[in-house]
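In the working numbering, the protein residues as written are 1012 to 1354.
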């Protein structure tokens, strides 16, 4: 269902590109350097994706610009929050499919200056878009994606009199090495995925896998956007259990029509004694949505203790049939599954 949001983003991209061309013609060539990086990486079949800035650490001079190129179907932002600012939610409380991007608040035009005096953020970006920011003053700046936690970077801005430690060729090599490492790690996870589906139920499906990596620039996450055990065979009366093991990536288990607001569970979804959400389906024509499941909060010193995350969703099937389901957040990436219920 995210294709609707991506269409809106693509239409806005044309207007942004035209404005950038007009601005460039008016100001002329800049004497400062422009550096380049990429946002995200993905497998050709969209099975797995790297939630990462590549590379995620730069040393540049005051007055320089960095242009970030979005290269994946997954949604990202290029954002610099004001030091001490509370991190805002990416979308309104209508969920991602029907929601409006909040920004920090709002968005900033291409070529905006980062100074730590105010938040600067791009709009939501997907493949084919780019966004640049300039750094007029020396200092150190934290780069984040407002859509994904644990996707960070560092920009070190030095006075023009200091010698930079690296050139663009170095950053290109670093980006390639980080990309290869992240996607290779995803391949290893993929090989283990189906063997790790059994949790607390004999009919278990793993709803995504992920690994968080860190380096001197911050955090990067590699995620597998698939259901492991995506075709499940059960009998009438059986219960299937989905577990999101893709911290910190949210997923849903959605049968039938995707709701406008995919964040909360559907009416009628109950909580089991162990905190897992539970629904009952008696026909393939019925619709039910798990809501977001996964370990979405992170332990942070100084922040109030969050309640236990809901990582599991169970469905009991009371009639035979073929029940197709998707992750409402990542169905465009191929995250789909089927439960075949026999008499």
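For every residue, glycine included, the Cβ atom is placed at its ideal position computed from N, Cα and C.
- Collapsing the DSSP output to three states places residue 1187 in a helix.
- Looking at the DSSP output, residue 1142 bridges to 1079.
- In this structure, residue 1292 sits away from residue 1244, with a CB-CB distance that is not shorter than 8 Å.
- Beyond the five residues adjoining it in sequence on each side, residue 1124 comes within less than 6 Å, by CB distance, of 1145, 1147 in the same chain, given in chain order.
- For the set 1072, 1080, 1222, 1264, the Cα lying nearest the Cα of residue 1048 is the one of 1080.
- Taking a contact to require three or more Cβ pairs closer than 8 Å, the region 1257–1270 and the region 1300–1307 qualify as touching.
- Cβ neighbours of residue 1347 within its own chain (closer than 6 Å, five residues either side excluded): 1337.
- Contact check for residue 1165 against residue 1228 passes: the beta carbons are separated by less than 8 Å.
- Between residue 1177 and residue 1269, the alpha-carbon positions lie close to 48 Å from each other.
- Short of 8 Å from the beta carbon of residue 1345, and not among the five residues preceding or following it, lie these beta carbons of its own chain, in chain order: 1056, 1057, 1058, 1236, 1237.
- The DSSP-derived three-state label of residue 1202 is helix.
- Contact between residue 1233 and residue 1197 holds, since their C-beta atoms are separated by about 5 Å, short of 8 Å.
- With a 10 Å radius around the Cβ and a threshold of 16 neighbouring Cβ atoms, residue 1294 comes out exposed.
- Per DSSP, the continuous beta strand (DSSP E) segment holding residue 1153 begins and ends at 1150–1155.
- Taking the C-beta atoms as reference points, residue 1158 is found nearer than 8 Å to residue 1087.
- Boundaries for residue 1119: no beta strand (DSSP E) harbours it, and the DSSP string shows neither H nor E there.
- Between the C-alpha atoms of residue 1265 and residue 1298 there is a straight-line separation of about 7 Å.
- Ranked by Cα distance from residue 1231, the first of 1316, 1051, 1044, 1043 is 1051.
- DSSP places residue 1047 in the uninterrupted beta strand (DSSP E) bounded by 1045–1053.
- Within the DSSP secondary-structure output, residue 1231 pairs in a beta bridge with 1224.
- Within the model, the alpha-carbon separation for residue 1317 versus residue 1311 is close to 10 Å.
- Between residue 1063 and residue 1193 the beta-carbon gap is near 6 Å, inside 8 Å, which marks them as a contact.
- If you check the CB distance, residue 1341 and residue 1262 come in under 8 Å.
- Secondary structure at residue 1271: coil, using DSSP grouped into helix, strand and coil.
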